[in-house]
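Chains as they are written, first to last, in numbering that gives the first Met the number 0: chain S, 0 to 462; chain G, 0 to 102.
We put the beta carbon where it would ideally sit given N, CA and C, even for glycine.
Model, not experiment: these values are computed from the prediction.
This report concerns only the one structure given below.
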Amino acid sequence: MSGEILVIGAGPAGLAAVRTAAAYGAQVVLIDDNRQPGGQYYRHPASEPLRAVHGDLFDEATRGADLLSAATSPNVTHYPGAVFYGFFDDGIAAFAHDDRITRLTPGATVVAAGATERPVPFPGWTLPGVMGAGAVQNLLKSQRTLPGRRILVTGNGPLTLLAAANLVRCGAEVIEVLEAAANRPPLAMIPRLLLEPGMLARGIGYRAILARHRVPFRSRHVVVEARGGARVEAAMVAPIAPDGAIDHARARTLSVDTVVAGFGLVPSSEITRSIGCEHVHDAGKGGWIPVRNAELETSRDGVFAAGECAGAAGVEKALLEGELAGLAAAMRVGAAKGAEAAAHRRRLQRRLARLMAFRTAIEAIYRPPASLLPLMRDDTIVCRCEEVTLAEARRWVREGVNEANSLKAITRMAMGRCQGRNCVPTLTRLIAAETGIDVAEVSPPRPRPPLKPIGVAALAADP
Amino acid sequence: MSGDLRLGDAGARGRRVVLSVDGKPVTAFEGETVAGVLLAIGHIVSRTSPTRREARGYYCGMGACWDCALVIDGRPNQRACVTPVADGMRVETQSGFGPTRLA
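Set out below in structure tokens:
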């Protein structure tokens, strides 16, 4: 064998890669910035009694116990609370852990960095009480606590519907659920939906939960403003016309203390972008994703990408891709070989192809309006960290700063603690809208290490 | 469910710990995060922003946005959503960049 396998991310894709590579006898180093393995999907309470509260509703970690245990396999070294730093010359990778920088030269690398929620700024979106759909999922899954007493759920995509159904099942008062898309499958897509009857049934089941509890579900509707002093006290909502225009004239005000705004996921491609992998913009998969071959290898030799960071499309796809990338990495270092490994790979590729055909139908059902930028007003914050408003950002774009790296340098957008996760999609869409080009033509700012904040102690300790 | 937003009976949530939030004692349960406790009791403002002095709170819930950062045991900029509670912990709403620490 030639070298160990570095897996970055201990969510569904990363753990599936670890389990598969370890089962073939490869040595694996797993790094992840969370305390517990499992990523967002398998998030669970840190104590057994809490885990039992509504344990029947949130059983992901129980069903995934075998996968979670992959992090503690004998030939796996797991570094929780570790932040990937970068790839350097000669294939050296570095990560920060325990106030130290650790280096290794992996024989193959699987990037499984997951995704973050798509930021969609609207007036009032920084008020306490406005939070993401994933944020609510984490609160329910890991804390067994509700976010508020009167809740509006708004956004786009299946995760938002799931969060709404979970809130209702936990007894929360959900006032309305708004989906920005038309939410109807085009006729040609119906056969594809039937490829995965189990997943289709689950989705229909979430709608049935809302219906049973008489929670209104409105497609082509969206929040247009959250209002309040130090927290949300009301939300204004409005219909979206078939041409995508927001119909402010028909806006209504709802009395709520919480707005759950989940507009889908953005692949966390910072790592693959920072190490120079080729990327392509795929709106249906959430944005910029690494170009990969049939073995999920990126344009950089020996670097594979799996799961949401290579296209947001749900946990089932992440698990399959993780397994495939883990297998391919194990073959690369010589741990997996022969006809058995090749047959395993073909089986995974076939299964993945069927799942992705199903996902194109889901993408069509949830295709969002062309632009949600008009939700913003001049004084709406576009960059939560550096507190940059739409008017400021737009002024620079109109003065000719219409390239993402320059706009970042001049406004400080994407330089704050979230490292652009909550502003880059808005920044690139703004440049596209102002200059009249497609968003796929606007490259995001080049990510630079450290990709997430790390303590200066780690850097200071590094000679 | 008592007066707060926790699910299930308080008696079934496990071992209790006591922390302070802006000087007031608050009972929590082992395994909860600071953000979980603050949301449960309705203390949803974690900090005021440095420039516009606007209230911020729990937003992404996964440690990525830093909006829920506040002062924990005197250390500023600690993310409530990824910090487990502990007995005797002191949690304070953060103003701007928080208290300056030397060393």
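The DSSP assignment places complete beta strand (DSSP E) segments of no fewer than 3 residues inside the segment 14-54 of chain S at 27-31, in order along the chain. As a beta-bridge residue in DSSP terms, residue 93(G) pairs with 46(G). 7 angstroms or more divides the Cβ of residue 312(S) from the Cβ of residue 111(S). Less than 7 angstroms separates the beta-carbon of residue 245(S) from that of residue 237(S). In the DSSP secondary-structure assignment, residue 247(S) is not bridged to any residue. In this structure, 29(G) is the residue among 77(G), 29(G), 66(G) with its C-alpha nearest to the C-alpha of residue 15(G).
Contact between residue 20(G) and residue 90(G) holds, with the beta-carbon distance rounding to 5 angstroms and staying under 8 angstroms.
Relative to residue 424(S), the option among 361(S), 265(S), 257(S) whose CA is nearest is 265(S).
Residue 84(S) carries a strand assignment under DSSP once its states are collapsed to helix, strand and coil.
Residue 379(S) and residue 49(G) have their C-alpha atoms spaced approximately 17 angstroms apart. For the options 130(S), 145(S), 394(S), 254(S), the alpha carbon positioned closest to that of residue 169(S) is the one of 145(S). With respect to chain S, the C-beta atom of residue 91(G) has no partner C-beta closer than 7 angstroms. Straight-line spacing of the CA atoms in residue 409(S) and residue 444(S) works out to 12 angstroms. For the set 215(S), 2(S), 459(S), the Cα lying nearest the Cα of residue 167(S) is the one of 215(S). In the three-state reduction of the DSSP assignment, residue 23(G) falls in the strand class. Here DSSP, grouped into helix, strand and coil, assigns residue 295(S) to coil. Cβ neighbours of residue 21(S) within its own chain (closer than 7 angstroms, five residues either side excluded): 27, 69, 72, 74, 75.
Distances from the alpha-carbon of residue 82(G) to those of 96(G), 60(G), 94(G) put 60(G) closest. DSSP, read as helix, strand or coil, puts residue 205(S) in helix.
DSSP places residue 104(S) in the coil class of the three-state scheme, outside both helix and strand. Residue 360(S) carries a helical assignment under DSSP once its states are collapsed to helix, strand and coil. Put simply, the CB of residue 79(G) is far from chain S, with every gap to its CB atoms at 7 angstroms or more. In the three-state scheme derived from DSSP, where H, G and I count as helix and E and B as strand, residue 430(S) is classed as helix. Residue 453(S) sits in coil when the DSSP states are folded into three classes, being neither helix nor strand. In this structure residue 231(S) touches residue 225(S) by the C-beta definition: roughly 5 angstroms separates them, less than 8 angstroms. In the structure shown, residue 280(S) adopts extended strand secondary structure according to DSSP, grouped into three states.
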